[in-house]
Amino acid sequence: MILMTKVTGKKMLIGGKWVERDKTMDVFDPQDGTRITTVPRASVEDALYTIEQAKEGAAIAAKMPVHERIDILNKAADYVQNHREKFAQTIASEGSKTINEARGEASRCVQTLRISAEEARRINGETIPFDQMQGHEKRVGYYYRFPIGIVAAITPFNDPLNLVAHKVGPAIASGNAIIVKPATMTPLSALLLAEAFEEAGLPDKVLSVITGSGGEIGDTLVTHPAIRMVSFTGGLETGESIARKAGLKKISMELGSNSPVIVLEDADLEEAVESCVSGAFGAVGQNCLGVQRVYIEESAYEQFKENFVAKTKQYKVGDKKDEATDIGPLISEKEAIRIEEWVQEAIDKGAELLAGGKRDGAFYHPTVLTNVPSNCQIAHEEIFGPVVLLYTVKELEEAIELSNDVNYGLQAGIFTKNIDHAFAAIQHLDVGGIMVNDSSDYRIDGMPFGGVKGSGLGREGIKFAIQDMTEPKVVQFKLK
Ligand code: NAP
227 MILMTKVTGK
237 KMLIGGKWVE
247 RDKTMDVFDP
257 QDGTRITTVP
267 RASVEDALYT
277 IEQAKEGAAI
287 AAKMPVHERI
297 DILNKAADYV
307 QNHREKFAQT
317 IASEGSKTIN
327 EARGEASRCV
337 QTLRISAEEA
347 RRINGETIPF
357 DQMQGHEKRV
367 GYYYRFPIGI
377 VAAITPFNDP
387 LNLVAHKVGP
397 AIASGNAIIV
407 KPATMTPLSA
417 LLLAEAFEEA
427 GLPDKVLSVI
437 TGSGGEIGDT
447 LVTHPAIRMV
457 SFTGGLETGE
467 SIARKAGLKK
477 ISMELGSNSP
487 VIVLEDADLE
497 EAVESCVSGA
507 FGAVGQNCLG
517 VQRVYIEESA
527 YEQFKENFVA
537 KTKQYKVGDK
547 KDEATDIGPL
557 ISEKEAIRIE
567 EWVQEAIDKG
577 AELLAGGKRD
587 GAFYHPTVLT
597 NVPSNCQIAH
607 EEIFGPVVLL
617 YTVKELEEAI
627 ELSNDVNYGL
637 QAGIFTKNID
647 HAFAAIQHLD
657 VGGIMVNDSS
667 DYRIDGMPFG
677 GVKGSGLGRE
687 GIKFAIQDMT
697 EPKVVQFKLK
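Just so you know, the sequence shown maps onto residues 227 to 706 in the numbering used here.
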């Protein structure tokens, strides 16, 4: 039984109805701590009711012809495009991206939805040559892919719109129902995306966006047998706990990293510095692909370091809504304090601070460290903040060994003009993607994206998510 208590604030979307709750959660602007609004704090009963609604949604979604799915996805993309500034302002208010970064994310979301519309027409099967086996000459058949049913999508705060679109787009393209549980700190962008789909004519119950605490309703979504896939993006610890509980269902895990970039002496240093600085400090370093460790060949080290520090010092920290700002606040002061502590630990153990190292409330200045001992937390964990570590290495082999010596493996970069060195890195780096002559911080929405080791399981990138959200069904005809 769903209570319809009147409270002010945003509503959540359950089974085609926008509903309020008397229990709410505040949404703050991390820059100054002002309360933007409230959203309902969904209960376990809400989660169970949402799943019941999604069961009906799954039956509706599976019957939707592909041309209708394409039309709806394109209309939702048009809506985001036409209201791009509203989406960007929402991302920049509830999250920590600058307005320029938020506009970029809104545009990427349009792309993600359009790619989803295109991929909907390419969910193909194949004919099967049954006569490859003696005695099976009189058989013909094929397989096609069918939707799995209900996907539960659990998403993080750092790309509050496009990472939701990366789950909703392929789910709708492949004829599934989907329940989104956005991060508590950034639920508004996901709710706006739900509005886009409502305006686009998506049938009720196919998409629900349920706001609530992961600690309170997460288990219900993750363990419920009607949920056929948990598509999670977030931290390693949460991901591991979900994977342990999920049971017999599909899981897709897009987790964190502390990405390495290798810079060899023959590299274009100017280009390497430019990409590594923006790769380290974009989105205040709260980016799963962000550059955290740079391994520079000895002879290029001093020049690289000098240019890197000079470029870092040009970055402007300030009001995220000011178009001239490069770096806004962290998602919370608590996060900024954690980063400050990790940097201090490294300095206490002998690291040298080359730039930054300063905190003002939730703001942390772009920071460059060198000589960081391997027993510091920052040397092997994910910092998820604007801090980069520079190391000098004797040769490529050492750089590859150190790059791999962590429990993460999302993406990596190598700067070199030597094709043999580039291929050695491609072959030996344990990651899901290698960027040659670019930093780890490179992604387009239509490429396979995901990691190995503690960085995750499975791949997103529409086409690849669709594979996970569908199953092959074999059809065989026995002929006379
Ligand atoms: P997080 O703390 O792991 O939270 C992610 C989501 O999980 C939130 O919606 C959270 O809800 C929910 N959650 C928390 N506890 C849960 C539980 N017991 N059961 C089910 N769900 C639960 O991550 P975050 O701090 O938001 O995001 C940062 C992390 O995401 C970083 O590690 C980053 O590298 C990673 N990330 C990875 C990718 C990628 O594609 N590989 C992309 C972006 C970010 P609440 O907010 O209510 O706690």
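Virtual Cβ for every residue (Gly too), placed ideally from N, Cα, C. Note that the structure is a prediction, hence the values are computed from the model and not measured.
In DSSP terms, what residue i is bridged to
{"i": "V489", "result": "I522, F641"}
{"i": "S434", "result": "I405"}
{"i": "M479", "result": "F458, L683"}
{"i": "Q702", "result": "G367"}
{"i": "K243", "result": "I240"}
{"i": "T464", "result": "Answer by DSSP bridge pairing: none, since T464 is not bridged."}
Cβ-heavy atom distance, residue i to ligand 1, below 7 Å
{"i": "I563", "result": "no"}
{"i": "F507", "result": "no"}
{"i": "I277", "result": "no"}
{"i": "D586", "result": "no"}
{"i": "A409", "result": "yes"}
{"i": "I380", "result": "yes"}
{"i": "I436", "result": "no"}
{"i": "D385", "result": "yes"}
{"i": "S467", "result": "yes"}
{"i": "T324", "result": "no"}
{"i": "C335", "result": "no"}
{"i": "E480", "result": "yes"}
{"i": "S666", "result": "no"}
{"i": "E608", "result": "yes"}
{"i": "L636", "result": "yes"}
{"i": "D445", "result": "yes"}
{"i": "S415", "result": "no"}
{"i": "G576", "result": "no"}
{"i": "V678", "result": "no"}
Proximity winner among the options, relative to residue i (alpha-carbon distances)
{"i": "D258", "options": "K547, S501, Q603", "result": "K547"}
{"i": "A328", "options": "I443, T551, Y369, L339", "result": "T551"}
{"i": "S322", "options": "G395, G351, G554, D445", "result": "G554"}
{"i": "E500", "options": "G473, R454, V535", "result": "V535"}
{"i": "R348", "options": "E623, E442, Q693", "result": "Q693"}
{"i": "E463", "options": "A379, I557, G682, E425", "result": "G682"}
{"i": "E294", "options": "A332, R247, P256, A346", "result": "A346"}
{"i": "Q637", "options": "V678, V614, R267", "result": "V678"}
{"i": "L274", "options": "C602, I557, R261, I240", "result": "I240"}
{"i": "N384", "options": "V510, K237, K560, E363", "result": "V510"}
{"i": "A303", "options": "V292, G460, I325, S342", "result": "S342"}
{"i": "M251", "options": "G235, G242, W244, V245", "result": "G235"}
{"i": "V632", "options": "P382, D248, N601, N350", "result": "N601"}
{"i": "E424", "options": "A691, Y305, I688, V614", "result": "Y305"}
{"i": "L474", "options": "I453, A493, I488", "result": "I453"}
{"i": "R340", "options": "Q358, P291, I398, L580", "result": "I398"}
{"i": "I436", "options": "L417, H450, E421, L428", "result": "L417"}
{"i": "R519", "options": "P396, P291, I563, L615", "result": "L615"}
{"i": "A378", "options": "Y617, V448, D492", "result": "V448"}
{"i": "K301", "options": "N597, I557, L428", "result": "L428"}
{"i": "A314", "options": "A426, E466, G639, T412", "result": "T412"}
{"i": "E320", "options": "P382, D297, A285", "result": "P382"}
Beta-carbon proximity of residue i to residue j, cut-off 8 Å
{"i": "P612", "j": "F507", "result": "yes"}
{"i": "T276", "j": "S434", "result": "yes"}
{"i": "A577", "j": "P592", "result": "no"}
{"i": "E607", "j": "N484", "result": "yes"}
{"i": "V406", "j": "V390", "result": "yes"}
{"i": "S666", "j": "G505", "result": "yes"}
{"i": "Y634", "j": "G680", "result": "yes"}
{"i": "E528", "j": "K620", "result": "no"}
{"i": "Q307", "j": "D671", "result": "no"}
{"i": "A280", "j": "I354", "result": "no"}
{"i": "F530", "j": "A572", "result": "no"}
{"i": "K471", "j": "D445", "result": "yes"}
{"i": "R334", "j": "N402", "result": "no"}
{"i": "F675", "j": "G482", "result": "no"}
{"i": "L419", "j": "R669", "result": "no"}
{"i": "I404", "j": "V394", "result": "yes"}
{"i": "Q702", "j": "G367", "result": "yes"}
{"i": "L490", "j": "F649", "result": "no"}
{"i": "K287", "j": "M238", "result": "Checking the displayed sequence, the identity of residue 287 turns out to be Ala instead of Lys. Not a contact, by the Cβ cut-off of 8 Å."}
{"i": "Y541", "j": "P486", "result": "no"}
{"i": "E549", "j": "N350", "result": "no"}
{"i": "T538", "j": "V503", "result": "yes"}
{"i": "K704", "j": "R365", "result": "yes"}
{"i": "L579", "j": "L595", "result": "yes"}
{"i": "K312", "j": "A493", "result": "no"}
field: Entirely enclosed beta strand (DSSP E) segments - the region 355-389, minimum 3 residues
entry: List check, beta strand (DSSP E) in window: 365-373, 376-380.
Start-end ranges of the alpha helix (DSSP H) lying completely within the region 586-622, minimum 4 residues: With a minimum length of 4 residues, the continuous alpha helix (DSSP H) runs that stay inside the region 586-622 are 603-606.
query: What are the uninterrupted segments assigned as alpha helix (DSSP H) that are 4 or more residues long and contained completely in the region 507-583, given in chain order?
result: The qualifying runs are 524-539, 559-574.
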